[in-house]
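Following: one structure in structure tokens, then a few remarks.
Protein chains: 2
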Amino acid sequence: MSKPQKNAISPSRQEDYPEWYQQVIRAAELAESSDARGCMVIRPWGYAIWENMQRVLDRMFKDTGHVNAYFPIFIPMSFIEKEAAHVEGFAKECAVVTHHRLEPGADGKLVPAGPLEEPYIVRPTSETIIGATYARWVQSYRDLPILINQWANVVRWEMRTRLFLRTAEFLWQEGHTAHATREEAERETRQMLDVYADFAENYMAMPVIKGEKTEGERFPGAVQTFAIEAMMQDRKALQAGTSHFLGQNFSKVQEIKFQDQNGKEEYCWTTSWGVSTRLVGGLIMTHSDDDGLIIPPRLAPKHVVILPIYRSDEDRTQVLSYCESLKSELEAQCFSGGRVEVMIDDRDLRGGEKAWQHIKKGVPLRAEVGPKDIAKDAVFLGRRDTGEKKGVGRAEFVSTVSSLLTEIQNGLFDRAKTLREQHTHDIDNLDDFKSYFTPKDADRPEIHGGFANCYFVETPEVEELLKKLKVTIRCVPLGQEQVAGKCLFTGQPTTQRGVFAKAY
Amino acid sequence: MSKPQKNAISPSRQEDYPEWYQQVIRAAELAESSDARGCMVIRPWGYAIWENMQRVLDRMFKDTGHVNAYFPIFIPMSFIEKEAAHVEGFAKECAVVTHHRLEPGADGKLVPAGPLEEPYIVRPTSETIIGATYARWVQSYRDLPILINQWANVVRWEMRTRLFLRTAEFLWQEGHTAHATREEAERETRQMLDVYADFAENYMAMPVIKGEKTEGERFPGAVQTFAIEAMMQDRKALQAGTSHFLGQNFSKVQEIKFQDQNGKEEYCWTTSWGVSTRLVGGLIMTHSDDDGLIIPPRLAPKHVVILPIYRSDEDRTQVLSYCESLKSELEAQCFSGGRVEVMIDDRDLRGGEKAWQHIKKGVPLRAEVGPKDIAKDAVFLGRRDTGEKKGVGRAEFVSTVSSLLTEIQNGLFDRAKTLREQHTHDIDNLDDFKSYFTPKDADRPEIHGGFANCYFVETPEVEELLKKLKVTIRCVPLGQEQVAGKCLFTGQPTTQRGVFAKAY
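Each protein sequence line maps, in turn, to chains A and B.
Counting in our numbering, the first sequence runs from 157 upward without gaps.
Counting in our numbering, the second sequence runs from 157 upward without gaps.
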């Protein structure tokens, strides 16, 4: 397990961040491009991380009173037409189903047949079809609130795709709720934003800023959009989850009405909120290093990999039996992420190669066990996050594995938070702003800038300038003190202060 | 909670079985038709049953060495073309994506735009696209076996749909494995059949026959198809799960090749196996009665519903506090289906109406708690499976709830098995066979026949006759003694004995 001169991932983050990202995914066997344009195959190791994310989020949703359900993948074209803002936002690039059969054509090759009277689109998001269903379910205030989540695949025909971050098909959850009052719907919107922030920080070990999106960045059809924003290691922002207060916009289009306690007919107040497999991309870019993936323990499919080392068959029997009993002892331990999950890797591979595979895959702890270690009743322990390697007595290892995993979890969060703090600046001068977002080193065009906190007023003029600089307003953070200032771009007085960044 | 004269579901099973099925689904709020033709909305109560099925099956798959992954929803048309048998089986009725954009047309209405060079079909099953991926993953015998499962939605453009049993979109899992040897792939095929039978009998409480499908009923492209077959209460058969040995048929088309230990290039041996939301339909039709759904406890989202009964606010406080502490005590109990799940239904509804909702939804146990019950430290307990109602001391209820749930689980299985035994006959005469499958009572055309065990030889002539009688060969059961007999239809000597039935 001696470390080669070079790092396992080439290029490094500094050399070429976007390519480094692709190579980490490849080396960790997380996902790959498929034969369907822009769609990815999520490989078992990547999917196991997603399953862990699902498990935790699903429990959080249920703990806040939600239930799961499932709605159709197909949305009649007319449903999209009804919601004008939605057409603008989603109808543009989507998968359109126009036929319901394949038949051999004149040359014997298959051709689409059975044209549909009304085309369907594959859901890019489900507000319209779920809204139409809620309209049937809701008659009285007694039917409210409806608190439903759906785990599903969605499709947006993206032109430029990147694994996990932007793919034509992706997996997500979408919560859709309907309420009798505006206040209740607003509370729900904020509650789910808090759930996302809790998940991002305490499970993904990814610090986030909770904030409101400006008008130009709002979900099509929403009254207010809230998001959690994280900083990746190239200092770009990643929007990691959104929660929308939809007001009565959708309920009026979809006729989701109810009789209130006084018999008066009212429109419902609705919300929607979602996170997707994009989170896996965020996890990769927040923690991984030039040796590959690093997974926060609370989301790692395996916490410890035991690597048996032996030369002879006799050694093999002894070593494997030692490893098995060590595995059982470790698996009897729990930490804040649940039971300690252990695997023994006894594949017929060179030890160095095998260890490197697990480094690249981000397993938090590696324990090598050979006859010499057994003689000392010890293991040779490698930590993925710090790279530290040392011999540890078996009993000590078992008794400290829980606290070690918690230490790693917290350490990853602190490291990410420090990076964000180092690259977050208050900027009150346009020249500084421009300079901040200009690459300093032609060899490292991808890594520069960070978050800029600036006073601003949202005007077409400001939007134009930002577009030219390829900088976006990420959000107006919640809970800021209202202090008077001047718009960085126009000089207008304002108390509105936003986070600006280049973004994924 | 007095029982009305009539049953809750109208029509009854005897009066109109297909319509009874629809009404049970409606009354239990399991699912409904959606605005997308042939697609269903799975409502929270129905989805919770599916989630429980998923949880149990997923653990069984993992315990047998499988991992989950995710493959694209879109399959290039050319992939389907390659597998001739597959074209015949699946290309006929499917959702075809031909465009990737919607644009306003001449009249301002949206029209499909951005035609695709090659159309995609929405996966009806994923052998072709997963096979193409495996071809990239497998080079050496060291890469084998691949043991992957996928939880996904699939689409088959069915003309006549019925909730859960046959819908255009449905949810399922599909296992896809690749092996170095024929024997290993065959073992896998049979192992997964056993897993399905275990799940059906021990969780769904639905007795099944494990058998092999005849050539005419095989999965398109398979060498052998195995299935589990169950009898519904109208005595029709339901195919509840299938496991296919695909031989090298797909690996040859998809070029899934590997170098064996001697450096020789070989094609892989592959399998696939799946169960779907159809299982929910099977569960409904196996156990439910004329009062609605009955759920086997091991798959029930809730095992006990506590119904507080009070008139005054003072009573309310006392009753609710009693219910809460009872809930905690019950939830500290475990049975073979895990923790006892309890809910308190304190909605502002008439007691009778409320109790009936839970009867129709199939909650195994209902416990009414009013001031008089509290005075006796007792509850008034209703059993969904038998309809039995009686007062039970609180301590006794808590200490026996686990065994009661297990008793209900076993009772449901026994009841279903008895029905199947009553309606399974050895038939060796064509007239008897025809008479067996002819409705006796014009008022009850749906309920007749059952399973017929008959010797047969598979010929076009026999197939033609069966088609006319609307009877199908369900399977040739595994593990039968090979005894010589004569084909019921042609008189030819044979040892092959099959199960015949009308089927869903």
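We put the CB at the ideal spot given by N, CA and C, even for glycine.
If you're wondering where the values come from, they're calculated on a predicted model, not measured in any experiment.
First and last residue of the uninterrupted alpha helix (DSSP H) at residue i
i	result
B:Glu-430	According to the sequence shown, residue 430 of chain B is Gly rather than Glu. No alpha helix (DSSP H) contains B:Gly-430, which is instead part of the beta strand (DSSP E) from 425-432.
A:Phe-230	From DSSP, A:Phe-230 is part of no alpha helix (DSSP H) but of the beta strand (DSSP E) over 230-232.
B:Trp-206	200-219
A:Phe-406	405-410
A:Asn-358	338-358
B:Pro-260	Where B:Pro-260 is concerned, there is no enclosing alpha helix (DSSP H), although the beta strand (DSSP E) it sits in stretches over 252-260.
B:Ala-288	283-293
A:Trp-313	Neither: A:Trp-313 is in no alpha helix (DSSP H) and is coded neither H nor E.
B:Glu-325	Looking at the DSSP string, B:Glu-325 is not in any alpha helix (DSSP H); the run it does join, the beta strand (DSSP E), is 325-335.
B:Ala-164	It is not in any alpha helix (DSSP H) - B:Ala-164 carries neither H nor E in the DSSP assignment.
B:Arg-130	The structure shown does not extend to residue 130 of chain B, since chain B is modelled only from 157 through 660, so no value can be given for it.
Cβ-Cβ distance between residue i and residue j below 9 Å
i	j	result
A:Gly-474	A:Arg-318	Note that residue 474 of chain A is Gln in the sequence shown, not Gly. Result no, Cβ atoms of A:Gln-474 and A:Arg-318 do not sit closer than 9 Å.
B:Arg-576	B:Met-315	no
B:Val-632	B:Val-655	yes
B:Phe-375	B:Gly-270	no
A:Asn-309	A:Glu-325	yes
A:Ala-334	A:Thr-426	yes
B:Lys-516	B:Ala-183	yes
B:Pro-232	A:Asp-299	no
B:Ile-285	B:Arg-292	no
A:Asn-405	A:Gly-377	yes
Chain-order list of residues whose beta-carbon lies under 8 Å from that of residue i (same chain, five-residue window excluded)
i	result
A:Ser-158	Reliability of the predicted coordinates at A:Ser-158 is poor, the pLDDT of 49 falling under 50, and the value obtained from them is presented with this limitation in mind. Only Gly-508 meet the Cβ criterion.
B:Gln-170	Arg-600 and Ile-603
A:Glu-249	Arg-312, Trp-313, Glu-314 and Met-315
A:Met-216	Val-351, Asp-354 and Phe-355
A:Leu-258	Leu-266, Val-267, Pro-268 and Ala-269
A:Gln-489	Arg-495, Val-496, Val-554, Val-557 and Ser-558
B:Gly-204	Correcting the residue identity first, residue 204 of chain B is Ala in this sequence and not Gly. Hits under 8 Å: Pro-457.
B:Tyr-297	Ala-336, Phe-414, Gln-415, Asp-416 and Gln-417
B:Trp-201	Ala-184, Glu-185, Leu-186, Pro-457 and Lys-517
A:Lys-238	Thr-284, Val-409 and Gln-410
Spatial neighbours of residue i in its chain, beta-carbon cut-off 6 Å, leaving aside the 5 residues before and after
i	result
A:His-514	Val-461 and Arg-522
B:Ser-399	Thr-345, Met-348, Leu-349, Phe-382 and Trp-429
A:Asp-582	Asn-609
B:Thr-650	Tyr-611, Val-613 and Cys-643
Beta strand (DSSP E) segment containing residue i, residue limits
i	result
B:Ile-629	628-633
A:Ile-277	266-278
B:Val-639	Per DSSP, B:Val-639 belongs to no beta strand (DSSP E) and is neither H nor E.
B:Gln-380	380-387
B:Arg-539	534-539
A:Arg-653	653-657
A:Glu-244	A:Glu-244 -> no beta strand (DSSP E), and no H or E assigned at all.
B:Lys-296	The identity of residue 296 of chain B in the sequence shown is Ser, whereas the question assumes Lys. From DSSP, B:Ser-296 is part of no beta strand (DSSP E); its letter is neither H nor E.
B:Gly-547	545-549
B:Gly-367	365-368
B:Phe-375	Note, B:Phe-375: premise wrong, no beta strand (DSSP E); not H, not E.
B:Phe-414	413-415
B:Ala-187	187-189
Own chain residues within Cβ distance below 7 Å of residue i, not counting five before or after
i	result
B:Val-180	Ile-165, Ile-440, Ser-444, Gly-448 and Leu-449
A:Pro-174	Glu-602
Return the residues of the region 237-256 of chain A that lie within a Cβ-Cβ distance of less than 8 Å from chain B, sorted by chain order. Glu-237, Val-243, Ala-247, Lys-248, Glu-249, Cys-250, Ala-251, Val-252, Val-253, Thr-254, His-255 and His-256
Which runs of the alpha helix (DSSP H) fall wholly inside the region 559-621 of chain A and span at least 4 residues, in chain order? 586-592
Can you give me, in chain order, the residues of the region 219-238 of chain B that have a beta carbon less than 8 Å from any beta carbon in chain A? Val-223, Asn-224, Ala-225, Tyr-226, Phe-227, Pro-228, Ile-229, Phe-230, Ile-231, Pro-232, Met-233, Phe-235, Ile-236 and Glu-237
Counting only runs of 4+ residues fully inside the region 457-528 of chain A, write out the alpha helix (DSSP H) ranges in chain order. 469-487 and 507-517
Members of the region 411-435 of chain B that neighbour chain A once the beta carbon cut-off is set at 7 Å: Those residues of the region 411-435 of chain B that come within reach of chain A (Cβ to Cβ, closer than 7 Å) do not exist; the list is empty.
Listed in chain order, which residues of the region 174-195 of chain B have Cβ atoms closer than 7 Å to some Cβ of chain A? Residues Ser-190, Asp-191, Ala-192 and Cys-195.
For the region 602-628 of chain A, which residues have a CB atom closer than 9 Å to at least one CB atom of chain B, in sequence order? none
Where the region 301-315 of chain A meets chain B: residues whose CB sits under 8 Å from a CB there: Ile-304, Ala-308, Asn-309, Val-311 and Trp-313
Of all the residues that make up the region 341-360 of chain A, which are near chain B by a beta-carbon distance shorter than 9 Å? Listed by position along the chain: nothing, the set is empty.
Counting only Cβ-Cβ distances shorter than 7 Å, please list the residues of the region 491-517 of chain B near chain A, keeping chain order. For chain A, none of the residues of the region 491-517 of chain B brings a beta carbon within less than 7 Å of one of its beta carbons.
Quick one, which residues of the region 377-394 of chain A are near chain B if we go by CB-CB under 7 Å, in chain order? none
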